[in-house]
Structure formats: structure tokens, C-alpha cells
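Going line by line, the protein sequences match chains A, B and C.
Heads up: the first sequence at position 95 corresponds to 95 in the numbering used here, and the numbers run straight through without jumps.
Heads up: the second sequence at position 66 corresponds to 66 in the numbering used here, and the numbers run straight through without jumps.
Heads up: the third sequence at position 279 corresponds to 279 in the numbering used here, and the numbers run straight through without jumps.
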Amino acid sequence: MTDDLKEYVIGLADDALTLGHRLSEWSSNAPFLEEDLALSNVALDFIGRARMFYQLAAELADDGSTEDDYAFLRDCREYRNLLIYELPRGDFAMTCARQFLIDQFNVLFLERLCESAEARLAAIAAKSLKESRYHLRRSREWMLRLGDGTDESHARLQQSLEQIWGYTPEMFAMGALEQRLLQAGVAVDRAALRAPWSSAVESVLSEATLSVPACDWEVSGGREGLHTEHLGFMLAEMQFLQRAYPGQQW
Amino acid sequence: MSDQLMPLFEVFVRSRRGLDHKHVGSLHAENHEQALEYARDTYTRRSEGVSLWVVKSSDIVSSQEEDSASFYDPMDDKPYRHATHYELPAEVNNM
Amino acid sequence: MSDTLIGNEHVQARFQERIDAEQRIEPKDWMPEAYRRNLIRQISQHAHSEVIGMQPEGNWLTRAPTLRRKAVLLAKVQDEGGHGLYLYSAAETLGITREELVEALHGGRAKYASIFNYPSLTWADIGAIGWLVDGAAIVNQISLQRTSYGPYSRAMIRICKEESFHQRQGYEIILTLAKGSDEQKQMAQDALNRWWWPSLMMFGPHDAESAHSAQSMKWKIKRQSNDDLRQKFVDQTVPQAEFAGLRIPDADLRWNEERGHYDFGEIDWDEFQRVIAGNGICNRERLAHHKKAHDEGEWVREAMRAHEAKKRARKARDAA
């Protein structure tokens, strides 16, 4: 069970780290200064969340590995994040679209994870839930501002939704490992979140005068280490120092 | 094309152990809700506050320096309003 | 308010009295137009410096070598942005808008600290920037806490509280490298070699050669001379370099027992002028980066305005 749990936790850590990294790319690039600070706060929340999950994984592995070993010394094929997290930040509309869809999911997911039989997971979930509620408040408002703003902002946001929609089913997929952990009361039933998520998202899109994409495509593979070509470049940049100067303290 | 920036809001923070909201600075936002969120992101990163107020700068009315003669000076010559004006015997000087 | 010559002289004298008595000048107070302009220039350039300063450090956010360094650097860069915000706030109390300030920056009419025209080439640069650039900024900012203009003074007090973390994280990086592998130690020494003199230049020209210095000192906008602040910085930093086992790139650096300070070499003022004049490696990039973010954000700001207008219109309709 410990192996399953460790894999599960690493997946959640990778989700948080890749998204935190993408959000950090907005520093000094945001549409105005106040939003720059706000985005950095969200990025810091995700990086902090990743660290908590990696540290738990290291504890479970009990082999002397550290959070940084997981983050900086695993290649693409070992990363377990869902694809939606690793996609490039794109323009502000793409970032907002991705963030909202994920935040809506995270709030539902973390509410359930707070009840995990694994106390350490539940503790991380409780802390993260507070953050995600704030993230959702922000990202929901951006959907409204941009969806029901100008013709340009509406078009950009609609287009972003169309480009990203096929990555969302992966959030609700339950592999064999997660099924086992679900039986043990440790993991969350993602499939059961689909209906409330769709309902909440559709409500916001409607209020934002946006249409739910008529999606006939679906992409997945993250939990098996089958990633988009974006992750390789992200890791190359992120891991450069540790790879160029192996085994050093920083 | 003029890029009009969002209205200016003044931010006030009351800390956990404080009694009053203190003015800490300003920021730009479209409305009060957004101003409150940006205030949270800008001015409470070190848990400085438990309560935030945001006020549109244009809603603040302040006294002018030229008025201070009639506004404030009459307050200066009424020292009997201050506790230090009263001398008490040492035995009861703990008021 | 009287317009006569006598009335004006009286008001100027009263203003200088307040300054001399260490009173704070607040936004609604009368102030000489030159005082207002001097402050707008100084505060806004300080604000621009904080915001432009996000770039050389932000440059290493995606390459920070550990998760802790990643988080710390992101928090630090965010702080710089926050400092810019506090200072723009202070400037806006003087009758100028953020928009005008940004336009002045983009139009080349307002400057930012020239130190940020240098590139951050290695991870050690991130350490050096925190240790030396923030270190120099702190020396200056501590002095500015007593500046005569209230909002500026309060912004500086707030900034100083946050700044010491910046310098410590930078020095911690340098120490770790200096105690690391030969390559890491070399990286730290190389960064020190490149950032030392520009950090000294941050304090500006010798006071005798500075156009604004005398009036700024009279109005207590500026509290200590450039040279005094620079000396303070050198005195506090030399032992820090020694502790890290690094060599400051100045053959003339030596302790002067008589003065009780370090003697140090003459700054290459030609380089200073060259970089200010636009010949630093990053001058163009810094401004272009800032402009690009601003231009690309135009549609977002417009959308916000449009959305707000729609909300107001709906509210008005519903109330009718």
C-alpha cells in the first residue's frame, strides 16, 4: 500500500509543481502590477503544496531521498502530472481558463481529500483547501471579467477554452492504483467529481456569456509518464543547474 | 488611445493585536471587491492584518492645512482636557 | 492663500521651518512646486527601479536549483513588485497618476537604477544581487526612513522591514556556493567581480558633482550624502566577503585605522556614464520587457473596464 500511496502522492506533487512553475513565469509579465503580485501568490501556494507532497513521498520512501530529488532528478517519463498542468501559460486568457477549470476541480477534490484515511494527506488537503478556495474566487472572477468584457477578451477566452477542453477528462480518470487507494479510504473518487464540476463550470461559463466547448477529442497519459512535448522543455530549464553541476548543495 | 487606469483605492489594515485600522498605502482596482483581494495580496503577505478596509480615494474628504487655524488651534488652549493637567497626591496617583 | 510676493516668501519660510523642525510634510500640505517635482522624480524613479529590478532576478525563477530557492526567490521578486506598488502609491499622493508615471518610464523621461542594466548570468548573480544590490539599497533606504515627505517615509519604513530578508537570502546563496565545489566557488567569485563596482555606483556620483544633492539635503528629502552612504556600505560588506572567503576586486581596498573606515579605489565613472547613457548590456531589454508586458496587458485592462461598466449599467437598470 505504501508504494501505491507514494505514487499517488508523487502524482499530486507533480501536478502542483508543474502548475506552480507555469504560474511563476508570469512574474514581471502580468497585465499590471497588482495582478503580478496576486499571480505570484497563487504560484507560491502551488509550489508550497508540491513541497508538502514531495516531502510526504520522501517520508514514505524512507530511503534518504529529498523533495529536490523528486523535482530535479526525474526525467519526463517519470513525471506523473496530468497534462493540463504542464501546458504553456499562453496568453492571460489561456492562463485564466486553465486556472479556473483546475481551481474548480481542486476545491471539490480537496474537500474530499480532507477525509482521507491517511492523516498526513488529510492535513495537506486541509491547508490546501483554504488556498484553493481563494484561487477559485479569483479565477472565477477573471472568467466573468474576460468572458463578459470586450469582444476581444471574450474571443480570446472562448478560444482558450476550446484549446484546453480536451485535457479536462483526464482530471476525472481513475487508474487501477487510485481505485485500490479509493477502496482503502485514502484516495478521492475523481469520477464522482465530474458531475458537480461540470455543473459549477457550466454555470460560470453561462454567466460569463461563454459556450461550453462541443468537444470531440480527449487527451491523457500523464499518470503513465506519457506527456506532451512541452514538459521536456520545462524540465530542461527547471533542472539545468542540478544536471550541469550534479550532487551539489545550493 | 488613452489607457485610463483603474480607480485608486486607499488600504487600511488592522492587525491582530491592534485597535485601529492604519493606512498602509494604495492600489488600483476596478471595484471594491477586487481592491480587497489585491489588498490581501499586497499588504497581508506577512500576516500583518486581520481586517482590511478599502476606500475609493475619491471618497476621502480631508481637512485642508489652511483651515487648521480655525479647525485645530482652539483645541490647544484647553489643557484641562488632558489628564496631565491635574496633579494628584502621590497616594492616589494611579488614575 | 495670498498670491503676493510677501505672502509667498512667508509660506516658503514656514515650509522650511517645518522641515528644519523634522516635521513630516503630508499630501494636503502646501509645498514649493520644486519640492513636489523633486519628490515625484525621486519616488517614481525609486518605484520604477523596484519594478525593473524584478527582471534580472526573475530571469532565474524557472531555473532555481532547489524548491526552497524557487519559493524564496519568487517571494523576493514579488516583494520587489510590492515595493514598487508602495512607492507608486506614495508618488500618486503628489498629484500624478500611475499611468503618467509609466508613460514617463516608457518614454525615457524617467529613469530607473542603472544597476539593473546588468545581466544576471549565473545562479551566483542571484546571490550577489541579494547580498550587494539589496545591501546597498538597504543602506540608502534606512537613511530615507527619515525623509521629510510623510508617505515616502512610511513607504520606506515598510520596505526596510521586508528588505533584510532579501539581503540574507542573497548572502546565504553566496555562502553556500563559496563552501561548495570549486566550480561553485568560482561562480560566486565571478559574480562578486562583476557586481561589486556597479553596486558602489548605486550611491551615485560624489556629492560635489551631483546636481540634485544640495537642494535635496536642504529639504531633507535626502538625509545623508552619497559618499557617506557608500562608505557605510563598503565598511559593512568587506567583512562579509572575508567571511565567505571571497576577494573583493579592488587592489586599493584596505582598512584605514586613522579614519576607522576602509579606503577603497576610485570608481570608473566612465563606465557609470556609459551604462546610464544606454550602453549597458540590458538597457534595451529591460524597457522593452516592461513595455511588452504593459502592451500585452492592454486588452485585459480594457476588458476589466468594459465589464465594470456593464455591471454598473445592469445595476442601474435593475434599480429603475
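Even for Gly, the Cβ is constructed at its ideal location relative to N, Cα and C.
Below 8 angstroms on the Cβ atoms is my guess for residue i versus residue j; work out the distance and round it to an integer in Å.
i        : j        : result
C:Gly180 : A:Gln242 : That pair is no contact at about 13 angstroms.
A:Gly11  : A:Arg80  : 4 angstroms
A:Gly149 : C:Met304 : 7 angstroms
A:Ala38  : B:Asp41  : 4 angstroms
C:Thr62  : A:Met238 : 6 angstroms
A:Ser28  : C:Gln45  : That pair is no contact at about 18 angstroms.
C:Ile40  : C:Ile96  : 6 angstroms
C:Gly127 : C:Gly58  : The Cβ separation is near 15 angstroms, so there is no contact.
C:Ala241 : C:Leu192 : 7 angstroms
C:Ser49  : C:Tyr152 : Incorrect: roughly 14 angstroms between the Cβ atoms, too far for contact.
B:Val54  : B:His32  : 6 angstroms
Alpha carbon to alpha carbon, how far is residue i from residue j?
i        : j        : result
C:Ser2   : C:Asn8   : The predicted model places C:Ser2 with a pLDDT of 49, which falls under 50 and marks its position as unreliable; any figure quoted below should be read in that light. Straight-line Cα distance between these residues: approximately 7 angstroms.
C:Met202 : C:Ser114 : 7 angstroms
C:Tyr35  : C:Val11  : 13 angstroms
A:Gly222 : A:Ser24  : 21 angstroms
C:Leu132 : C:Gln42  : 21 angstroms
C:Ala319 : B:Ser57  : 26 angstroms
A:Gly185 : A:Cys114 : 11 angstroms
C:Ala293 : A:Arg98  : 20 angstroms
A:Glu162 : A:Met143 : 14 angstroms
A:Ser128 : A:Phe172 : 19 angstroms
C:Arg274 : C:Asn283 : 11 angstroms
C:Ile129 : A:Leu193 : 47 angstroms
C:Ala13  : C:Arg24  : 15 angstroms
A:Ala30  : C:Leu73  : 17 angstroms
A:Arg78  : A:His227 : The sequence given here places Glu at residue 78 of chain A; Arg does not occur at that position. So the alpha carbons of these two residues sit roughly 10 angstroms apart.
B:Val50  : C:Ile281 : 45 angstroms
C:Glu172 : A:Trp250 : 9 angstroms
C:Phe116 : B:Arg46  : 27 angstroms
A:Glu131 : A:Glu178 : 24 angstroms
A:Leu231 : C:Gly150 : 50 angstroms
C:Ala208 : C:Gln224 : 13 angstroms
A:Tyr134 : C:Asp228 : 47 angstroms
C:Ala75  : C:Trp219 : 35 angstroms
C:Phe272 : C:Pro198 : 8 angstroms
C:Ala64  : A:Glu86  : 18 angstroms
C:Arg247 : C:Pro205 : 25 angstroms
A:Val107 : C:Gln184 : 43 angstroms
What residues match up with residue i in a beta bridge as DSSP calls it?
i        : result
C:Asn256 : C:His261
B:Val11  : B:Gly25, B:Val54
C:Ile25  : C:Tyr149
Taking Cβ positions, are residue i and residue j nearer each other than 9 angstroms?
i        : j        : result
A:Gly166 : A:Ala208 : no
C:Val300 : A:Phe100 : no
C:Ala251 : C:Ala188 : no
C:Gln78  : A:Leu44  : yes
A:Arg112 : A:Met1   : no
C:Ile221 : C:Ser120 : no
A:Leu83  : A:Glu7   : no
A:Ala13  : A:Ala50  : yes
C:Leu200 : C:Val238 : no
A:Val42  : A:Arg138 : yes
B:Gly25  : C:Ala155 : yes
A:Arg22  : A:Phe109 : no
C:Trp123 : C:Trp195 : no
Over the uninterrupted alpha helix (DSSP H) stretch that includes residue i, give me the two end residues.
i        : result
C:Ser216 : 213-218
A:Ser128 : 119-147
C:Cys160 : 150-178
A:Met1   : Careful: A:Met1 lies outside any alpha helix (DSSP H) and carries neither H nor E.
A:Thr95  : 92-113
C:Glu285 : 283-296
C:Gly84  : 67-92
C:Pro119 : Neither: C:Pro119 is in no alpha helix (DSSP H) and is coded neither H nor E.
A:Glu152 : 151-164
B:Gln34  : 32-43
A:Glu25  : Per DSSP, A:Glu25 belongs to no alpha helix (DSSP H) and is neither H nor E.
B:Leu19  : No alpha helix (DSSP H) contains B:Leu19, which DSSP labels as neither H nor E.
C:Lys139 : The sequence given here has Val at residue 139 of chain C, not Lys. Looking at the DSSP string, the run of the alpha helix (DSSP H) that includes C:Val139 is 134-144.
C:Lys222 : Neither: C:Lys222 is in no alpha helix (DSSP H) and is coded neither H nor E.
C:Pro56  : 54-58
A:Tyr54  : 33-61
A:Tyr70  : 67-72
Relative to the ligand FMN, is the shortest distance from any of its heavy atoms to the C-beta of residue i smaller than 8 angstroms?
i        : result
C:Glu257 : Of the ligands one can find in the structure shown there are none, so the ligand FMN has no counterpart to examine.
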